[in-house]
Every structure is written in structure tokens, then in C-alpha cells.
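Below is one structure; the comments refer to it alone.
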Amino acid sequence: AQSVTQLDSQVPVFEEAPVELRCNYSSSVSVYLFWYVQYPNQGLQLLLKYLSGSTLVESINGFEAEFNKSQTSFHLRKPSVHISDTAEYFCAVSYGTSYGKLTFGQGTILTVHP
Amino acid sequence: DAGVIQSPRHEVTEMGQEVTLRCKPISGHDSLFWYRQTMMRGLELLIYFNNNVPIDDSGMPEDRFSAKMPNASFSTLKIQPSEPRDSAVYFCASSSPGQPSSGNTIYFGEGSWLTVV
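Have a look at this one:
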């Protein structure tokens with residue numbers, strides 16, 4: 019069965035510190051990878067995605083993620099976080115024959131402290 | 425673009441009552457998804473449609489749940505009768521046309537927050 023594992027349910031960090039949110043998925047021949055962010059009481063917003071090409075993808079607000087096929091991982095990183103990055107982050111996978119259907123991880127709550 | 429529009433945003437209802445959640449996808453999108461989010465189970469796909477046709481409803485919990493998409497701009501998710509364990513946030517999402525496995529971005533609505541007492 020297709021699955022996505024986010025290894026940390028909560029990640030507390032101090033402002034301006036680096037952060038890594040981990041994500042592993044079950045292996046498949048064809049896979050597309052996404053990170054979504056959910057701010058309190060809001061819907062999910064796409065942060066970044068990997069479809070093909072360069073294994074390092076970046077978002078407009080300083081996050082980046084690297085697709086590692088051998089380790090079936092798609093970890094999300096930011097070198098310096100802000101208070102405003104406090105939110106829940108979801109890793110999601112779309113498998114090649116699934117009509118774009120997403121399978122989500124359980125989410126990681128990132129809390130940035132001043 | 426108005427985005428995916430869901431209504432109601434919040435609903436509190438008594439056990440046994442019928443609940444209808446509504447969704448208007450982004451114009452031009454041909455796939456529509458209904459997700460449920462709970463603390464215990466996270467985000468679960470309930471059902472999705474492509475060109476108004478249900479493709480996979482294996483995530484629908486039981487016969488109390490039903491979903492329809494009568495046209496490209498409207499979908500409903502109905503729970504009848506509702507139970508306290510149905511309390512959750514229900515998200516509708518849509519994605520743009522393309523090959524089924526093109527990796528098109530799925531856009532989410534703000535969610536419908538349902539509480540069944």
C-alpha cells in the first residue's frame with residue numbers, strides 16, 4: 019500500500035535557527051512529491067513540489083526540499099526560520115497511476131519560538 | 425481566481441441530522457477531491473471525481489456518506505444520519521486538466537468545520 023511517513027509530529031525551534039522536517043514515502047516507479055502548509059484554521063496551501071528534473075526544489079519563502087530516490091525521502095529544510103513559519107506541514111505523494119490523488123503524511127507541527 | 429469555495433465554513437448539528445457540505449471547484453479544473461481531517465487519522469481521501477464521474481470512493485467511511493457532482497462547478501458531500509464521530513474538517517480540492525499522472529497541483533478550499541453533538 020502507498021504510504022507517507024513524517025517522522026516528527028512536532029518540531030520546536032527558535033527563530034533564525036535552521037529546521038528540517040522529514041518525510042519518507044513507499045517506493046514506486048513513478049512518483050510526484052509535494053509539501054503543503056496549513057496555518058491555524060485555514061486550508062492547505064502548496065509550498066513546493068517535485069515532478070521531475072532537478073532533485074532540489076525551492077519555494078518563494080525560503081524553504082527547499084530534496085528528492086532522494088535511493089532513500090525514498092523528500093525532506094523539507096529552511097536555513098533560518100521566522101515566527102510566521104509556525105504552522106503544520108504535510109508531505110504528500112501522488113503515484114503515477116492515481117489520477118493525481120494525493121496520499122498525505124500525518125503532518126509535522128512546526129513551532130517557532132522567539 | 426476565487427479558489428475552491430466551500431460552504432458552510434462551520435456547522436454544528438445534532439446527532440441523527442442530515443448534513444450537506446458544498447463545494448465549488450476552480451473554474452476549468454476537471455478533478456475534484458473530498459478529504460477529511462481529524463486529529464486521530466490525519467488527512468484522508470474520501471472520494472474523488474474526474475470530469476464529474478466518481479473514480480474512487482473507497483475512502484468513504486460507510487453508507488451514511490454520499491457524494492455527488494452533478495456538473496463541473498458543483499459537488500456535495502452528504503452525511504445522513506450524522507454521528508459524533510463524523511466531527512472533523514472536510515476539505516474539498518480541485519486540480520487542473522492534464523494527463524492523469526501529470527502531477528498537477530491540487531488546490532484546497534478553506535474547509536468545512538463540522539461538529540456533531
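Going line by line, the protein sequences match chains A and B.
With my numbering applied, the first sequence has no gaps in its numbers, which climb one by one up to 132 at the end.
With my numbering applied, the second sequence has no gaps in its numbers, which climb one by one up to 541 at the end.
Ideal Cβ positions, reconstructed from N, Cα and C, are used throughout, including at glycine.
Are the beta-carbon atoms of residue i and residue j separated by less than 8 Å?
{"i": "K492/B", "j": "S499/B", "result": "yes"}
{"i": "T126/A", "j": "L39/A", "result": "yes"}
{"i": "H100/A", "j": "V55/A", "result": "no"}
{"i": "Y43/A", "j": "F81/A", "result": "no"}
{"i": "H453/B", "j": "S519/B", "result": "yes"}
{"i": "T444/B", "j": "V540/B", "result": "no"}
{"i": "K96/A", "j": "V29/A", "result": "no"}
{"i": "C109/A", "j": "V22/A", "result": "yes"}
{"i": "C41/A", "j": "Q20/A", "result": "no"}
{"i": "L120/A", "j": "I530/B", "result": "yes"}
Near residue i, which residues of its chain fall below 6 Å by C-beta distance, leaving aside the five closest residues on each side in sequence?
{"i": "S525/B", "result": "Confidence in S525/B is poor, its pLDDT being 49 and thus under 50, which makes the residue's placement too unreliable to answer from."}
{"i": "V75/A", "result": "L66, Y68 and A83"}
{"i": "Y459/B", "result": "L467, L469 and F515"}
{"i": "T462/B", "result": "A512"}
{"i": "N475/B", "result": "D454"}
{"i": "K502/B", "result": "T444 and S490"}
{"i": "E435/B", "result": "L538"}
Hey, out of the options, whose CA is closest to residue i's CA?
{"i": "S497/B", "options": "V540/B, L456/B, W537/B and E435/B", "result": "L456/B"}
{"i": "R465/B", "options": "K502/B, A512/B and D454/B", "result": "A512/B"}
{"i": "P521/B", "options": "Q461/B, L469/B, F473/B and E486/B", "result": "F473/B"}
{"i": "S431/B", "options": "G533/B, M463/B, L470/B and S490/B", "result": "G533/B"}
{"i": "R509/B", "options": "N476/B, S518/B, L467/B and L538/B", "result": "L538/B"}
{"i": "E507/B", "options": "G440/B, E435/B and G427/B", "result": "G440/B"}
{"i": "S549/B", "options": "V428/B, E438/B and W458/B", "result": "Since the first residue of chain B shown is 425 and the last is 541, residue 549/B is not available in this structure."}
{"i": "S48/A", "options": "P132/A, S27/A and V111/A", "result": "V111/A"}
{"i": "P132/A", "options": "E33/A, W53/A and L25/A", "result": "E33/A"}
{"i": "N86/A", "options": "C109/A, T73/A, N79/A and S21/A", "result": "T73/A"}
{"i": "Q60/A", "options": "L120/A, G71/A and Y107/A", "result": "Y107/A"}
{"i": "A35/A", "options": "L64/A, S98/A and F122/A", "result": "S98/A"}
Excluding the 5 residues flanking residue i on each side, which residues of the same chain have their C-beta closer than 7 Å to its C-beta?
{"i": "A105/A", "result": "V55, Q56, Y57 and L128"}
{"i": "Q504/B", "result": "E442 and R488"}
For residue i, which residues from the same chain have a beta carbon less than 8 Å from its beta carbon, with the 5 sequence-adjacent residues on both sides left out?
{"i": "S45/A", "result": "T90"}
Task: Members of the region 58–79 of chain A near chain B, C-beta cut-off 7 Å - done: Q60, G61, L62, L64, K67 and L69
Task: beta strand (DSSP E) runs wholly inside the region 429–464 of chain B, at least 3 long, in chain order - done: 429–431, 434–437, 443–448 and 455–462
Task: Residues within the region 462–474 of chain B neighbouring chain A, beta-carbon criterion of under 7 Å - done: G466, L467, L469, Y472 and N474
TODO: Determine which residues of the region 478–493 of chain B have a Cβ less than 9 Å from any Cβ of chain D, and write them out in chain order.
DONE: Reference to chain D is not applicable here, since the protein chains of this structure are A and B.
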